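Residue numbers (full-length UniProt numbering): 1 to 166.
Quick notes on the structure that follows.
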């Protein structure tokens, strides 16, 4: 992996951590961070599924250790980032990356969060407990991520090989 990509990934992770300080939605035992979901969409477009997953994992880990995120930050961000990257890889459309983020986080991660929370946090909740909050957070963040990608395209910040169709 080239140095430029590593620096870009670290910068996106830093933006995700800083964004979590200012924008969060409390959801009982969890906190939702739309900025993280926006970063996931941008990372999916720039780096694909593996790179987006690494950015999400790094961001979630830092947030957990700094106290700005719960243990649910890992499944809540990594699954969405991976799916966003896969959707983008096969469609080359930013809106599909956003759709992947929403499905990955809002649906799949919210269901994975139930046994994960029981195992690691000692919390027992129903199967759909996390879904509304995860959906609101991921939908808001995915839309913000689409906007950020479009603004980056217009400002010619994205390399031509990474440009997506909307």
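Virtual Cβ for every residue (Gly too), placed ideally from N, Cα, C.
Since the model is a prediction, treat every value here as computed from it, not as a measurement.
Host alpha helix (DSSP H) of residue i (start-end)
i: residue 78; result: 73-91
i: residue 69; result: Per DSSP, residue 69 belongs to no alpha helix (DSSP H) and is neither H nor E.
i: residue 94; result: 94-101
i: residue 17; result: 3-22
i: residue 141; result: 131-154
i: residue 119; result: 110-121
Beta-carbon proximity list for residue i, same chain, < 7 Å, skipping 5 on both sides
i: residue 144; result: 34, 38
i: residue 89; result: 48, 49
Neighbourhood of residue i by C-beta, 8 Å cutoff - its chain only, sequence neighbours within 5 removed
i: residue 17; result: 59, 62, 63, 66, 68
i: residue 71; result: 64, 116, 117, 120, 121
Residue i - DSSP class collapsed to helix/strand/coil
i: residue 164; result: Here the model assigns residue 164 a pLDDT of 44, short of 50, so the residue's position is not dependable and the matter cannot be decided.
Sequence-distant residues of its chain with Cβ nearer than 6 Å to residue i (five each side left out)
i: residue 19; result: 35
Check whether the segment 1-9 and the segment 105-115 touch, using three or more Cβ-Cβ pairs below 8 Å as the test.
no
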